[in-house]
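Numbering (the UniProt record's numbering), first residue to last: 1 to 292.
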């Protein structure tokens, strides 16, 4: 830029500054029973997140400024959501499905709350100094042209110690979460975190989802093998003009007497006096009475 024949250089962009310094190679966790093993798990990042579509791993670095993290968008085209798996440094919270998370310390410079634009850019919330002490503002216009709304996902910034000290355990937990989702699709709506906090499995209304019942296979059921081809009949309803039976197995060959000793399965025949279509006979009743 020229001004009265002089040249001035203006610096429009600043280099990003990390919110937390990278871990020194000599750093050890003193609480660990074997501190020397922590050197094998040395990470300079602050966390990671795994895409819920292709399970691709993406590193997270916490920066100071209006954008605390790099754009969280997978190469497959999917933007981070509440179904993606994250570490404690980033907890995605859906407005319709609130999760349980630790409330971090709020400062005037780095507010640990923000929102995610559908394009993948993360915006940090602003603290309003002129109003209440804990009042935060989320009104922002993204560089893509979208204006913030309640449909945007919110996030909370936590600690990075779980990833720096136990990154291998975090990777294994993420694999277990995706494996459980394939086995139980109801858990896919939960807010997945691989940190030390418990995972809350909730539905869209906010209630806890029950674990799906276990299916018993016929080969593993002992009673099923003992019964064999025995007939299992449902109880006869009290009301109705005709008896209806629901068979769950193949009917065995029964003798003409109507009672089979092997399995003790009774079959209703025409000679039974309790058949609903047949009227009671007084002679058969007297014979039955004299037998006592």
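Backbone N, C-alpha and C fix where the C-beta goes; we use that ideal spot for every residue, glycine too.
Within a Cβ cutoff of 6 Å, which residues of the same chain sit near residue i, ignoring the five residues on either side of it in sequence?
i          : result
residue 66 : 124
Report the option in the options whose CA atom is closest to the CA atom of residue i.
i           : options               : result
residue 87  : 171, 20, 136 and 71   : 171
residue 63  : 47, 77 and 54         : 47
residue 143 : 68, 74, 174 and 120   : 120
residue 150 : 180, 175, 127 and 116 : 116
residue 51  : 43, 80, 16 and 45     : 80
residue 173 : 84, 136, 152 and 45   : 84
residue 118 : 111, 152, 139 and 110 : 152
Could you tell me if residue i is buried or exposed, where buried requires 16 or more neighbouring beta carbons within 10 angstroms of its beta carbon?
i           : result
residue 162 : buried
residue 17  : exposed
residue 282 : exposed
residue 157 : buried
residue 92  : buried
residue 176 : exposed
residue 287 : exposed
residue 247 : Model confidence at residue 247 stands at a pLDDT of 45, short of 50, so the residue's coordinates are unreliable; what they give is reported in the following sentence. Exposed, because fewer than 16 other Cβ atoms sit within 10 Å of the Cβ of residue 247.
Leaving out five residues before and five after residue i in sequence, what residues of the same chain have Cβ atoms less than 8 Å from its Cβ?
i           : result
residue 69  : 60, 61, 62, 63, 90 and 122
residue 43  : 23, 163, 164 and 167
residue 141 : 147 and 148
Rounding to the nearest angstrom, what Cα-Cα distance links residue i and residue j in this structure?
i           : j           : result
residue 77  : residue 49  : 15 Å
residue 154 : residue 82  : 9 Å
residue 74  : residue 56  : 8 Å
residue 113 : residue 53  : 25 Å
residue 178 : residue 72  : 19 Å
residue 21  : residue 58  : 19 Å
residue 159 : residue 45  : 12 Å
residue 182 : residue 169 : 20 Å
Using 7 Å as the threshold, is the C-beta distance between residue i and residue j below it?
i           : j           : result
residue 127 : residue 136 : yes
residue 19  : residue 110 : yes
Leaving aside the five residues before and after residue i along the sequence, list all residues of the same chain whose C-beta is less than 7 Å from its C-beta, in chain order.
i           : result
residue 15  : none
residue 285 : none
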